[in-house]
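Peer 1: Could you have a look at this structure, given as structure tokens, before my questions?
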Amino acid sequence: MTSGNTAERLGQRVKMDHMKGYVEHIIYQSKETGYTVLNFVSDGKELTCVGNLKNIEPGETLMLEGSYTDHTLYGKQFRVETFQAVAPEDAVSMERYLGSGAIKGVGQALASRIVKKFGTDTFRIMEEEPERLSEVKGVSERMAREIGSQMEEKRELRDAMLFLQQYGISNALAVKIYQNYGMKLYHVMKENPYKLAEDISGVGFKLADEIASKTGIRTDSDFRIRSGLLYTLLQASSEGHIYLPRDILLQRAGLLLDISPDLLASQLENLMMDQKIIMKKNGEEILTYASTFYYAELNCARLLTDLNRAVYDQKLPAEEEMERKRLEKLERSLQIVLDDLQREAVLLSMKHGVFLLSGGPGTGKTTTINTMIKNFEEEGCDILLAAPTGRAAKRMTEATGYEARTIHRLLEINGAVSEDGSGSREVRFEKNAENPLETDVVIIDEMSMVDIFLFQALLKAIAPGTRLILVGDVDQLPSVGPGQILHDLIISKAFPAVVLKKIFRQAEESDIVMNAHRINHGQSISLNNKSKDFFFLERNDVQVIYKHMIQLIQDKLPGYVNAESYDIQVLTPMRKGALGAETLNRILQQYLNPPSPGKKEHKINDEECLREGDKVMQVKNNYQLEWEVLSHYQIPVDKGVGIFNGDMGIIREINEFSATLTVEFDESRRVTYPFVQIEELELAYAITVHKSQGSEYPAVIMPLLGGPRMLFNRNLLYTAITRARSCVTILGSSETVQNMIDNVNENRRYTSLHLRIAEIAEIVG
């Protein structure tokens, strides 16, 4: 339904075909998305139909609207845009519907007896006088009531879907709305359709606003203003913010709603009374939070404080001296020499419940972590290691020699099917406050990537008495999700922290490392190409940059860094523009994975397609997606749920008949996506620097000619360069590189974990 409505709104009315018939057989149906492939009989002719037909069952009579397509492999098909379930009009159709199993407890034989008894009056009897069904042999009074109840429920759902269609709501979304509200949906739609945006996933403010305008609700209604304010806070979270200053919130919401900010202020008080938002004063500023975000920070502050107090132990000087001597002995046995800051870090990690370790590349974070692990092992401690992404966890495993998992797997994410019959999944972590992690020490790497909600889930699963060590580079870009955890924890000064400074001799041989530190300190870097691992090609023509980029990936770099072309990553500051990720991906796909007879592909639109062999990235957290790892004999040896923002893989198979696409991610995890869900995937030959966080690549290529000042800053350039293990190549303008080094204006994130920590400290004294 949605695509048809979109076309209308854009003034591109697409000619639709209509047909009426019945569902003969369902070939494939996704319970989660509703995408369906079925055999349909109309005027005695059978046809394959595809589209979103959630809750459709064999035997149902439907009115379809859509268009005919010629599939290269499967021939003529009918692509359904909208459908409407209609009551069968003749006895044969009624018997077919009842005999299909659509009504629980009614099989083919009983369906035949019911229709034989009541004829074309069957459906009216079942809906209006269901007790009369007991006149049929084999139907008790209780069974008659149950059949009537099922018919009534199905009629109510059909009516609700018809009612919601007039507001441009897709059938799949209509089912979700009906399941949430039942018959109350009519009241909600009439009185306050903005409630849909609060209660139903998939309904945002803009859709609710469109519905409200059709129902005649005024643009300055209280419901609209309140929903717009909440939506503005939610949108801010997608930029990484936990809160917005009151004045900025009113300004943004005023632009969204086209209403003067002065008229919005009173509704903030009402939202606060309803506990939808929290307002806190900080100096002259009033900070405005969506309640969920405020309490996430407050919970994290409380849990961190509890962890630190539970372990902290003021040791006697003699005991501290004994620990120092044991560490010196450990250094000798490991044949390493720690500097003073590394040594202090190891000792502090033993003494406190929460410890923070930060430092740039080459400053010895890995050596420090390994020494901590050995030290804890000698104490007889159990240790768990984790990182935010699969790639970061793999790097941690390689660096330490100990298994590291993603935080989601550490917490045992579970996407069990809900019990409401909808087929949806209820996402939860099996490890939580009631079932905490059984360990003495938890070490988390790449903390700059962790957002507030994942951090909250982690802290809930760590029992008081467990040591928590958080490691990362505070100078890297913050997390894609809301918050900047490591930064806020360090500036809070509530927990012991060590920031490593010294660059070790081996790292000094790398110009990647040395240039990263120069950039971080605002110093110019040499671009004379006398380096072995840091190259710059002055190119001011976009077409020339494309040409050299392809040559580097295909011919020059794989042999130089001993890697496959697939492993070489193009990083760019932006999504749009001639050197943005979207354009670069179309060009790189054309040369790195061109069309061929042996590769199936799926068209997304006139310009874009996905092809077998393409490098892709998941662009949103999906806790429901199931994955499995197959053996050489295609037997599942491991399975789980959850694919997350930033996970990268290769398209292994495209199946047009089942309308699915299979991607193999890191650790050989295979996921099958229905076509209706592939908007969660993007080509990943080129990705934004933000999306590269936590990853390391053998070689990185950066095209830099110029762009928005807020993106082209020191922080972003530093993060991009530190993603490369063996080689960095910049293509573009030396002036742009220098301007980025000089630009310290990062986008400010409105976060306040440090304030909540101070608040908790004041309460506990």
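Okay, so the sequence shown: first residue is 3 according to our numbering, each after it adds one. Backbone N, C-alpha and C fix where the C-beta goes; we use that ideal spot for every residue, glycine too. It should be emphasised that the depicted structure is a prediction, and the values quoted were computed from it without experimental measurement.
1) At a cut of 8 angstroms, does the region 561–568 reach the region 668–680 through at least three beta carbon pairs?
2) Within 10 angstroms of its Cβ, does asparagine 522 collect 16 or more other Cβ (buried), or is it exposed?
3) Give a yes or no on whether the C-beta atoms belonging to aspartate 447 and valine 473 are separated by under 7 angstroms.
4) Assuming alanine 1 and leucine 586 form a contact by the criterion Cβ under 8 angstroms, report the distance between their Cβ atoms to the nearest whole angstrom.
5) What is the C-beta distance between valine 444 and threonine 468, in whole angstroms, given that I count them as a contact (C-beta under 8 angstroms)?
6) Please report the residue range of the beta strand (DSSP E) in which isoleucine 244 lies.
7) Can you tell me where the beta strand (DSSP E) with lysine 641 in it begins and where it stops?
8) Methionine 374 and glutamate 339 - do their beta-carbons sit closer together than 7 angstroms?
9) Less than 7 angstroms between the C-beta atoms of leucine 66 and methionine 21, yes or no?
10) Could you have a look at glycine 1 and say whether DSSP puts it in helix, strand or coil?
11) Would you kindly check if the distance between the Cβ of glutamate 83 and the Cβ of glycine 107 is under 7 angstroms?
12) Just the Cα atoms here: how many angstroms apart are glutamate 748 and leucine 232?
13) Cα separation between asparagine 717 and asparagine 437?
14) Between methionine 145 and the rest of its own chain, which residues show a CB-CB distance below 8 angstroms, the 5 nearest in sequence each way excluded?
15) Going by DSSP, what residue range makes up the alpha helix (DSSP H) through phenylalanine 120?
16) Under 7 angstroms Cβ to Cβ from proline 676, same chain only, skipping five residues before and after it: list those, please.
17) Give the range of the beta strand (DSSP E) segment to which lysine 22 is assigned.
18) One question on the structure: do arginine 784 and glutamine 486 come within less than 7 angstroms of each other, judged by their Cβ atoms?
19) On a CA-only basis, which of Glu432, Gly382, Glu380, Thr370 is nearest threonine 402? Give me that one, please.
20) Return the Cβ separation of valine 618 and leucine 706 in integer angstroms, given the expectation that the two are a contact with Cβ distance under 8 angstroms.
21) Got a sec? Which residues, its chain only, sit under 6 angstroms from valine 639 by beta carbon, not counting five neighbours each side?
22) Just to confirm before moving on: does the CB-CB distance between leucine 627 and valine 702 stay below 7 angstroms?
23) If you draw a straight line from the C-alpha of leucine 529 to the C-alpha of aspartate 569, how long is it?
24) Note down, in chain order, each residue of its chain lying with its Cβ closer than 8 angstroms to the Cβ of glutamate 609, except the 5 sequence neighbours on either side.
25) Leucine 187: buried (16+ other C-beta within 10 angstroms of its C-beta) or exposed?
26) For asparagine 377, which of Glu271, Lys353, Ser360, Arg157 has the nearest alpha-carbon?
27) Measuring CB to CB, does histidine 410 end up less than 7 angstroms from glycine 644?
28) Skipping 5 residues on each side, what residues in its chain have a beta carbon closer than 7 angstroms to that of alanine 496?
29) Would you identify the three-state DSSP class for valine 452, choosing helix, strand or coil?
30) Give the DSSP-derived three-state secondary structure of histidine 73 in the structure shown.
31) Please give the ranges of any alpha helix (DSSP H) in the region 559–631, keeping only runs that are unbroken, at least 4 residues long and fully inside the region.
32) Within the same chain, show all residues whose beta-carbon is closer than 7 angstroms to that of glutamine 253, passing over the 5 residues directly before and after it, in chain order.
33) For methionine 18, count the other beta carbons within 10 Å of its own beta carbon; 16 or more makes it buried, fewer makes it exposed. Which is it?
34) Span of the beta strand (DSSP E) holding glutamate 655?
35) Looking only at its chain, what residues have a beta carbon closer than 8 angstroms to the beta carbon of methionine 281, apart from the 5 residues adjacent to it on each side?
36) Excluding the 5 residues flanking valine 515 on each side, which residues of the same chain have their C-beta closer than 7 angstroms to its C-beta?
Peer 2: Taking the coordinates as given:
1) With a cut-off of 8 angstroms, the region 668–680 and the region 561–568 do not count as touching, because too few Cβ pairs lie within range.
2) Burial call: buried.
3) Cβ distance < 7 angstroms, so aspartate 447 and valine 473 count as in contact.
4) Here the chain has residues from 3 to 767 only, and residue 1 is not among them.
5) So it is a contact: roughly 6 angstroms between Cβ atoms.
6) Taken as a continuous stretch (DSSP letters only), isoleucine 244 belongs to no beta strand (DSSP E), as it is neither H nor E.
7) Taken as a continuous stretch (DSSP letters only), the beta strand (DSSP E) holding lysine 641 covers 638–645.
8) Before going further, note that residue 339 is valine rather than glutamate in the sequence given. Result no, Cβ atoms of valine 339 and methionine 374 do not sit closer than 7 angstroms.
9) Their beta carbons are under 7 angstroms apart, which means leucine 66 touches methionine 21 by this criterion.
10) Residue numbering for the chain in the displayed model covers 3 to 767; residue 1 lies beyond these limits and cannot be assessed.
11) The beta carbons of glycine 107 and glutamate 83 sit no closer together than 7 angstroms.
12) As the crow flies, the alpha-carbon of glutamate 748 is around 26 angstroms from that of leucine 232.
13) Distance from the CA atom of asparagine 717 to the CA atom of asparagine 437, rounded to whole angstroms, is 39 angstroms.
14) Cβ neighbours of methionine 145 within its own chain (closer than 8 angstroms, five residues either side excluded): Gly107, Leu135, Ser136.
15) Looking at the DSSP string, the run of the alpha helix (DSSP H) that includes phenylalanine 120 is 110–120.
16) If we look at proline 676 and ignore the five residues flanking it on each side, its Cβ neighbours are Ser32, Thr35, Tyr37, Ala661, Thr662.
17) Counting along the chain, the unbroken beta strand (DSSP E) around lysine 22 starts and ends at 19–31.
18) Any answer about residue 784 is impossible in this case: the structure gives the chain only from 3 up to 767.
19) Among Glu432, Gly382, Glu380, Thr370, the Cα nearest to that of threonine 402 is on Thr370.
20) The C-beta distance from valine 618 to leucine 706 rounds to 25 angstroms, too long to fall under 8 angstroms, and the pair is not in contact.
21) These residues qualify, in order along the chain: Val631, Ser633.
22) No; because the gap between Cβ atoms is not below 7 angstroms, this pair is not in contact.
23) Answer to the nearest angstrom: the Cα atoms are 24 angstroms apart.
24) Excluding residues within five positions, the ones whose Cβ falls inside 8 angstroms are Arg588.
25) Flag for leucine 187 reads buried.
26) The candidate whose alpha carbon is nearest that of asparagine 377 is Lys353.
27) It is a contact, given that the beta carbons lie within the stated cut-off.
28) Cβ within range, chain order: Ile759, Ala763.
29) When DSSP states are grouped into helix, strand and coil, valine 452 belongs to the coil group.
30) Strand, per DSSP.
31) Runs found: 559–563, 583–594.
32) The residues are Pro263.
33) Classification of methionine 18: exposed, given that the 10 Å Cβ count is below 16.
34) Residues 650–657.
35) Closer than 8 angstroms at the Cβ level, and outside the excluded window around methionine 281, lie Arg248, Leu270, Met274, Ile288, Leu289, Thr290, Tyr291.
36) A distance below 7 angstroms between beta-carbons, with the five flanking residues on each side excluded, links valine 515 to the following residues of its chain, in chain order: Pro363, Gly364, Ile505, Ala509.
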